[in-house]
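Trainee:
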Amino acid sequence: MKATGADNLSWVNDFRQGMPVVDDLTYLNHASVGPPHADTIAAAQAFLADQHAHGSLNQLDWFAKLDEARAQAAQLLRTSEERIAIMPNTSTGLMRALGAIPLQSGDEVVAIADAFPAIYFPVKSFADRGATLIEVEPALNIDLTQQVLDAITPRTRVVAIPWVGFLRGARLDLAALSEERRRRNFFLVVDAIQGVGVVPLALDELMVDFLSFQGAKWLLSPLGAGVLYASESACELAPDFQGWYGHEIDWNAFLRRDTALWQGARRYEVATHSMPSVYGFVASLSRFNAIGIPRIWERIRSLTDRIFAGLSQLPVLIVTPQPAEQRAGIVTFSCEGAGAPAGSDWASPASELFAELSRQRISVSFREGFIRVSPHFYNTEEEVDVFLAAVKGFLG
Ligand SMILES: Cc1ncc(COP(=O)(O)O)c(C=O)c1O
């Protein structure tokens, strides 16, 4: 099935050539895990073949690939390479960031109550070092950014938020939070895994202290490679534990003890990276940079608009904010209103719908009683319609 539409979508169709997933599944589940493109898989395999055949002989190429990863990530995030550290996943980046932030008793740490555990637990355990955790409870039809802004006080030391929430897909306004960060003295720490690769981001225009993500969702990369962005002032801090990759190690003199931490974000790196993942990550990043995130976002926005429009005709409750500036690639709904008997658990029709979609090889997520749909730019309108028809068929 090809992408059709008024625009010239040959770039989408070219990309689909390298995505066998489209022949097997109606895959609308990128908020869970993104299937890598054939070129990304080939890059990861090339690394493994090299290690298989030559051991560490070509190690200098591996370091060059790490430099390329930092450069490509910097281009994607509109910042400079010095601001980029390579990480295995979002959580590690968040922990490295939080570990560097000095905390005093009486400090407050603002978090989101329904945040994914990958940010919730690092932030909670950080606050447990003597600060008070302020949990913002998201509410339907209330702007979450405003709720976070309202929770900030003169005692706030850290605001640690997901850019895009994993469950409802609500996108926080990083520009507004960054403005507040400029006015007040707190650290803004962002889990960006559900937004990077979907919505354009220009970190050099914002005042974000740390931002962390893994590439295995929306950047369609192998599991195990990601990025920690650290602002210039965040690189004046030192990580709580220093790793050898955080130092300017002399590879001919490992016993030198006078090495310094890297000046930039690399000071937060820990140790040997998962190089097959890094090779794949670079291939994905390069492709996303070549396509351009504005074009990707335009397409994802159009597909999610179509999902909104289709679902609005059906007896479901959409919990994702409708305005495009408050969402990214996720649309989440429950079957509340779909005729579940009074007093019954309305999650149950949703779980049956999820089972039916799975039977039809339509891949979405079932989370906390909700169905979460997350199309990417390479999906087609027809795939969205297959999903909508299946939901309609189920709800009768
Ligand atoms: C908001 C959010 N943060 C983080 C993660 C994953 O964290 P990590 O990359 O540390 O495994 C997910 C999903 O798996 C997520 O939805």
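The opening residue of the sequence shown carries number 61 in my numbering; numbering runs sequentially from there. Even for Gly, the Cβ is constructed at its ideal location relative to N, Cα and C.
Can you tell me whether GLY275 is helix, strand or coil according to DSSP?
Mentor: By 1-based counting over the sequence shown, the position of residue 275 is 215. Coil.
Trainee: Buried or exposed for ASN439, please, with buried defined as at least 16 other CB atoms from any protein chain shown within 10 angstroms of its CB.
Mentor: Taking the first residue of the sequence shown as position 1, residue 439 is located at position 379. By the 10 Å Cβ count, ASN439 comes out buried.
Trainee: Is it buried or exposed for HIS114, if we count other Cβ within 10 angstroms and need 16 for buried?
Mentor: For the purposes of this step, residue 114 is taken as residue 54 along the sequence shown, with counting starting at 1. HIS114 is exposed by the Cβ-count criterion.
Trainee: What beta strand (DSSP E) runs, 3 residues minimum, are completely inside the stretch 241 to 304?
Mentor: 247 to 251, 270 to 274, 286 to 290
Trainee: To the nearest angstrom, how far is it from the Cα of PHE368 to the Cα of PRO375?
Mentor: Locating residue 368 in the sequence shown gives position 308, counting from the first residue. Locating residue 375 in the sequence shown gives position 315, counting from the first residue. One C-alpha to the other measures close to 12 Å.
Trainee: Looking at ligand 1, does it come within less than 7 Å of ALA178, judged from the CB to the closest heavy atom?
Mentor: For the purposes of this step, residue 178 is identified with residue 118 of the sequence shown, where counting begins at 1. Checking the Cβ of ALA178 against ligand 1 gives yes.
Trainee: Report the option in VAL81, GLN132, TRP122, PRO177 whose CA atom is closest to the CA atom of VAL93.
Mentor: Locating residue 93 in the sequence shown gives position 33, counting from the first residue. Of VAL81, GLN132, TRP122, PRO177, the residue nearest in Cα terms is VAL81.
Trainee: Measuring only the C-alpha atoms, how far is MET335 from LEU280?
Mentor: As a first step, residue 335 is located in the sequence shown; it is residue number 275 there, counting from the start. As a first step, residue 280 is located in the sequence shown; it is residue number 220 there, counting from the start. Spanning the two alpha carbons is a distance of roughly 16 Å.
Trainee: Looking only at its own chain, which residues have a Cβ that is under 8 Å from the Cβ of PRO459, when we skip the five neighbours before and after it?
Mentor: The question about residue 459 has no answer here: the residues shown for the chain are numbered 61 through 456.
Trainee: Find the nearest neighbour of PRO222 within the set GLY255, ILE212, SER425, GLN420, judged by alpha-carbon distance.
Mentor: The sequence position of residue 222 within the sequence shown is 162, counting from 1. Of the listed residues, the one whose Cα sits closest to PRO222 is GLY255.
Trainee: Considering only heavy atoms of ligand 1, does any lie closer than 7 Å to the CB of GLY286?
Mentor: In the sequence shown, residue 286 corresponds to position 226, counting from 1. Yes, the beta carbon of GLY286 sits closer than 7 Å to at least one heavy atom of ligand 1.
Trainee: Alpha carbon to alpha carbon, what distance is there between ASP251 and ALA191?
Mentor: Here residue 191 corresponds to residue number 131 of the sequence shown, with the count starting at 1. Here residue 251 corresponds to residue number 191 of the sequence shown, with the count starting at 1. If I take the Cα positions, the gap works out to 20 Å.
Trainee: Which of the three DSSP states is assigned to ARG427 in this structure?
Mentor: Residue mapping note: residue 427 aligns to position 367 of the sequence shown, counting from 1. ARG427: strand per DSSP, three-state reduction.
Trainee: Do ALA134 and GLU141 count as a contact pair if the criterion is CB distance below 8 Å?
Mentor: Along the sequence shown, one-based indexing puts residue 141 at 81. Along the sequence shown, one-based indexing puts residue 134 at 74. Yes. Within cutoff.
Trainee: For ARG241, does the count of other Cβ atoms within 10 angstroms reach 16, so buried, or fall short, so exposed?
Mentor: For this step, residue 241 is matched to residue 181 along the sequence shown. ARG241 is buried by the Cβ-count criterion.
Trainee: Between which residues of its own chain and LEU85 is the CB-CB distance below 6 Å, once the five residues before and five after are set aside?
Mentor: Locating residue 85 in the sequence shown gives position 25, counting from the first residue. Same-chain partners within the cutoff: ARG421, SER423.
Trainee: Is it buried or exposed for PRO401, if we count other Cβ within 10 angstroms and need 16 for buried?
Mentor: Walking along the sequence shown from the start, residue 401 turns up at place 341. Confidence at PRO401 is low in this model, with a pLDDT of 49, below 50, so its placement is unreliable and the value that follows should be read with caution. By the beta-carbon neighbour count (other beta carbons within 10 angstroms, threshold 16), PRO401 is exposed.
Trainee: Per DSSP, PRO222 is paired with what?
Mentor: In the sequence shown, the residue the question calls residue 222 occupies position 162. Its beta-bridge partners are ASP251.
Trainee: Going by alpha carbons, who is nearest to LEU261 out of ASP233, GLY286, ALA276?
Mentor: In the sequence shown, the residue the question calls residue 261 occupies position 201. Of the candidates ASP233, GLY286, ALA276, the one whose C-alpha sits nearest the C-alpha of LEU261 is ASP233.
Trainee: For GLU56, which three-state DSSP category applies?
Mentor: Any answer about residue 56 is impossible in this case: the structure gives the chain only from 61 up to 456.
Trainee: For GLY324 and TYR87, I'd like the C-alpha separation in whole angstroms.
Mentor: Position 264 of the sequence shown, counted from the first residue, corresponds to residue 324. Position 27 of the sequence shown, counted from the first residue, corresponds to residue 87. If I take the Cα positions, the gap works out to 39 Å.
Trainee: Compare the Cα-Cα distances from GLN274 to each of VAL287, ASP264, MET267, LEU263 and report the closest residue.
Mentor: Mapped onto the sequence shown, residue 274 falls at position 214. If we check each option's Cα against that of GLN274, VAL287 comes out closest.
Trainee: Quick one, which of ALA145, ARG317, SER151, VAL169 has its alpha-carbon nearest TYR289's?
Mentor: Indexing the sequence shown from 1 puts residue 289 at position 229. Minimum Cα distance to TYR289 is reached at ALA145.
Trainee: How many angstroms separate the CA atom of ILE96 from the CA atom of SER344?
Mentor: On the sequence shown, position 36 is the one that residue 96 refers to. On the sequence shown, position 284 is the one that residue 344 refers to. Position check: residue 96 holds Pro in this sequence, whereas Ile was assumed. Looking at the two C-alpha atoms, the distance is approximately 8 Å.
Trainee: If you follow the alpha helix (DSSP H) that THR440 is in, where does it begin and where does it stop?
Mentor: Counted from its first residue, the sequence shown places residue 440 at position 380. Element bounds for THR440: n/a, residue is neither H nor E.
Trainee: Go ahead and label GLY453 buried or exposed: buried means 16 or more other beta carbons lie within 10 angstroms of its beta carbon, across all protein chains shown.
Mentor: The residue labelled residue 453 in the question sits at position 393 within the sequence shown. Answer is exposed; the Cβ neighbour count stays below 16.
Trainee: For TRP357, is the classification buried or exposed, using 16 other Cβ atoms within 10 angstroms of its Cβ as the cut-off for buried?
Mentor: Against the sequence shown, residue 357 aligns to sequence position 297. When all chains shown are included, TRP357 counts as buried.
Trainee: Taking only the alpha-carbon atoms, compute the straight-line gap between GLU416 and ASN73 and give it to the nearest angstrom.
Mentor: One-based indexing of the sequence shown puts residue 416 at position 356. One-based indexing of the sequence shown puts residue 73 at position 13. C-alpha separation (whole angstroms): 28 Å.
Trainee: Quick test of your reading: THR392 and ARG366, contact by CB under 8 Å. State the CB separation rounded to the nearest angstrom.
Mentor: Counting from one through the sequence shown, the residue named residue 392 turns up at place 332. Counting from one through the sequence shown, the residue named residue 366 turns up at place 306. THR392 to ARG366, Cβ: 16 Å. No contact.
Trainee: When DSSP labels each residue in this structure, what does ASN73 get in the three-state scheme?
Mentor: Position 13 of the sequence shown, counting from 1, holds the residue named residue 73. In the structure shown, ASN73 sits in a helix (DSSP, three-state: H, G or I).
Trainee: Can you tell me the Cα-Cα spacing of PHE176 and VAL379, whole angstroms?
Mentor: By one-based count along the sequence shown, residue 176 stands at place 116. By one-based count along the sequence shown, residue 379 stands at place 319. For PHE176 and VAL379, the distance between alpha carbons rounds to 17 Å.
Trainee: Given a cut-off of 8 Å, decide if ASP300 and GLY159 are closer than it, judged by their beta-carbon atoms.
Mentor: For the purposes of this step, residue 159 is taken as residue 99 along the sequence shown, with counting starting at 1. For the purposes of this step, residue 300 is taken as residue 240 along the sequence shown, with counting starting at 1. Yes, they are a contact pair.
Trainee: Going by DSSP in three states, THR86 sits in which element: helix, strand or coil?
Mentor: Taking the first residue of the sequence shown as 1, we reach residue 86 at position 26. If DSSP states are grouped into helix, strand and coil, THR86 belongs with the strands.
Trainee: Comparing the C-beta of ARG228 with each C-beta of chain C, is any distance below 8 Å?
Mentor: This model lacks chain C altogether, as it is built from one protein chain only.
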